[in-house]
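First comes the structure, then the notes that go with it.
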Amino acid sequence: MKSTPDLCDQYPDLVQVVEPMFSNFGGRECFSGEIVTVKCFEDNSCVKQLVDTQGQGRVMVVDGGGSMRRACLGDMLAEKASVNGWSGLIIYGCIRDVDEIMATDIGVQALGTHPMKTDKKGIGETQVSITFGGVTFNPGNYIYADNNGIVVATQQLV
């Protein structure tokens, strides 16, 4: 994958840059793929359901409402996502089990960490447009993430 700065240089009119607020926690620091969206708040039921499906190199973008009170992703879900072929997860919220996730072959970027897991009440939506960080993420668009940042495009760039 080309770096996000290279993508911005080559395709300035095709990319949107997510505001810098995410940290890289996964074992894969550079990842990209077609976007699959989840909208949830302090309930990761939809995340758990999706990591059980074949990822096919896609990236799950999770709008956790920016919650800093619960973790939307832990080591078991990250491992399941890796085994099932997901390229990575972008979590607009927190994760936990950071040391284990850093050793897992998957990209993970999140706002921060929190040791408390979420409730599982089955509340949430998948494959809906979500907006955070100054960008709207639409299912089927493409995302590119590395240590420089996150960029989104309506078409596959590389």
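Numbers given in the working numbering equal positions in the sequence shown, counted from 1, plus 1. Heads up, the beta-carbon is just placed ideally off N, CA and C, and yes, glycines get one too. Here the structure is a predicted model, which means the values were calculated and not measured.
If you drop the 5 nearest sequence neighbours on each side, which residues of the same chain put their C-beta closer than 7 Å to that of residue i?
i	result
PRO6	ASN149
Contact defined as beta carbons within less than 8 Å: I believe residue i pairs with residue j. What is the distance between those atoms, to the nearest angstrom?
i	j	result
ALA154	VAL16	5 Å
LEU90	LEU74	6 Å
SER33	SER88	6 Å
In the DSSP assignment, the beta strand (DSSP E) including residue i goes from what residue to what residue?
i	result
ASP1	Residue 1 lies beyond the residue range present for the chain, which begins at 2 and ends at 159; the question has no answer from this structure.
ASP64	60-64
From residue i to residue j, what distance separates their C-alpha atoms?
i	j	result
ASP162	VAL63	Missing from the structure shown is residue 162; the chain here goes from 2 to 159 and no further.
ASN142	THR105	25 Å
CYS1	TYR12	With the chain covering 2 to 159 only, the question about residue 1 has no answer from this structure.
GLY67	CYS95	8 Å
ILE124	ASP44	6 Å
Taking the alpha helix (DSSP H) that residue i belongs to, which residues open and close that run?
i	result
GLU101	99-103
Residues in its own chain within less than 6 Å of residue i by CB, not counting five upstream and five downstream?
i	result
CYS31	MET2, ASP147
TYR93	ASP64, GLY65, GLY67, PHE133
Ignore the nearest five residues each way along the sequence and tell me which others in residue i's own chain have a CB closer than 8 Å to its CB.
i	result
MET117	ARG70, ARG71, ALA72, ARG97
Those runs of the beta strand (DSSP E) which lie wholly inside the segment 71-132 and span at least 3 residues: 72-74, 89-96, 108-114
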